[in-house]
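Here is the structure we will look at.
Numbering (the numbering used here), first residue to last: 1105 to 1177.
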């Protein structure tokens, strides 16, 4: 018997998808149902908001803070 599982198709550029895949690996493959290539994946239904929050947190950590700029005008 074939079982289906609801999911959400996520499309993102390669850099964001790499972050998503890393988060998935670090959390015991909790999010991704199926890896569909460099720009797409199918994630488990009900995990979008948690995954999105985690991606935003990582981007914020890695992005330079414009307030810390050495430029003096």
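We put the beta carbon where it would ideally sit given N, CA and C, even for glycine.
Owing to the predicted nature of the structure, the values given are computational and were not obtained by experimental measurement.
**Message:** Quick check on residue 1106: buried or exposed, where buried means 16 or more other Cβ atoms within 10 Å of its Cβ?
**Reply:** exposed
**Request:** Specify the secondary structure class of residue 1111 as computed by DSSP and reduced to three states.
**Result:** strand
**Request:** Determine the DSSP secondary structure at residue 1144, reduced to helix, strand or coil.
**Result:** strand
**Item:** Candidates 1140, 1154 and 1111: closest to residue 1117 by CA position
**Value:** 1140
**Request:** Measure from the alpha carbon of residue 1157 to the alpha carbon of each residue in 1120, 1137, 1143 and 1171, then state which is nearest.
**Result:** 1120
**Prompt:** Which residues mark the beginning and the end of the alpha helix (DSSP H) in which residue 1125 is found?
**Reply:** 1118-1130
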